[in-house]
Structures are given as C-alpha cells and as structure tokens.
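Reading through the structure tokens given below for one structure.
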Amino acid sequence: MLFQINATEKTPEIDFSPLTGVLKIKGISIPEDSKEFYRGLYLEVEEYLSSPLEVSLVELHLEYFNTSTTLFLRDLMKKYRKANQSGNTRVQIKWIYEEDDLDMEDAGLEFKDLFDDLNFDVQAVEEFDFR
Numbered sequence: 002m003l004f005q006i007n008a009t010e011k012t013p014e015i016d017f018s019p020l021t022g023v024l025k026i027k028g029i030s031i032p033e034d035s036k037e038f039y040r041g042l043y044l045e046v047e048e049y050l051s052s053p054l055e056v057s058l059v060e061l062h063l064e065y066f067n068t069s070t071t072l073f074l075r076d077l078m079k080k081y082r083k084a085n086q087s088g089n090t091r092v093q094i095k096w097i098y099e100e101d102d103l104d105m106e107d108a109g110l111e112f113k114d115l116f117d118d119l120n121f122d123v124q125a126v127e128e129f130d131f132r
C-alpha cells in the first residue's frame, strides 16, 4: 500500500511505497506540529522496517525545514540505521539539494556525519523539478 501526502505551503510531498522500499520527501517542511504531521509516516516506516526489502531507499529533496522537522528526520534515520545494523535491509539515503543552497548542503553533510555508518549521498541538482 502506498502512503502519500500532497505538499502544501508548509508541508512536503511524501511518497512511501513498502512494495519498493522507497521513501521520498520533497519540498518545504515547516508544519505547525511536526510530530502530528509525520506520525502516520513514522508508523508506516516502523511497520515496513519490521520486514523490509533487501534494499531501502530514502530520498530527501528539501528546500527548507524547521527544528522540529530536524528532530523527526533524526528519529527516522535512527530507525533506518537500526534496520541496517541488524542486517535486515541495506539502507541508502540520498540528500538532494539545489546547488546554490549552501544551507541545505550543510544540513545534508551534518546528517551524513551523524549517520556515517549508512550509505549516505549528498547530491546537488541545478533546480528541483517539483515546483
């Protein structure tokens, strides 16, 4: 079953397919209540990681995010790290940012340092294709 949320001015587009093991989060993430906004996704990911595919991919295409989103992303990556360490799945994380956005590049590099035991790529694109 596909888990989807459409983007708004304050929240990102989310696409998660347990059938493919791919999670994509795209856009701006400044929800009023990040815990509430991401609760459904967190539960879906938790369920998926109890019996994941051989490879799991997380793609983050973020333009901007707030502190509470940072906490969610950290917790999400911890979940994936645990599954990766247990050998249940090989986790790949792609942090994609626009090449002129140094703040998002720095944020991606910080997460890469925090989760250096995961296959974590920080990639620049000229411009996001979802605007």
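One gets our numbering by counting positions in the sequence shown from 1 and adding 1 to each. All residues carry an ideal CB built from backbone N, CA and C; glycine is no exception.
Per DSSP, Ala8 lies in no alpha helix (DSSP H) segment and is marked neither H nor E. Between the C-alpha atoms of Lys25 and Ser87 there is a straight-line separation of about 23 Å. Per DSSP, the continuous alpha helix (DSSP H) segment holding Leu44 begins and ends at Ser35 to Leu50.
Per DSSP, Ser30 is one residue of the beta strand (DSSP E) stretching across Val23 to Ser30.
Beta-bridge analysis with DSSP links Leu63 to Gly28. DSSP lists Leu58 and Asn120 as the beta-bridge partner residues of Gln93. Of all alpha-carbon atoms in Lys11, Asn67 and Ser57, the one lying nearest the alpha-carbon of Thr21 is that of Ser57. Contact between Ile31 and Phe66 holds: their C-beta atoms lie close to 7 Å from each other, under 8 Å. Residue range Leu103 to Leu115 is occupied by the alpha helix (DSSP H) that includes Gly109. DSSP places Leu72 in the uninterrupted alpha helix (DSSP H) bounded by Thr68 to Gln86.
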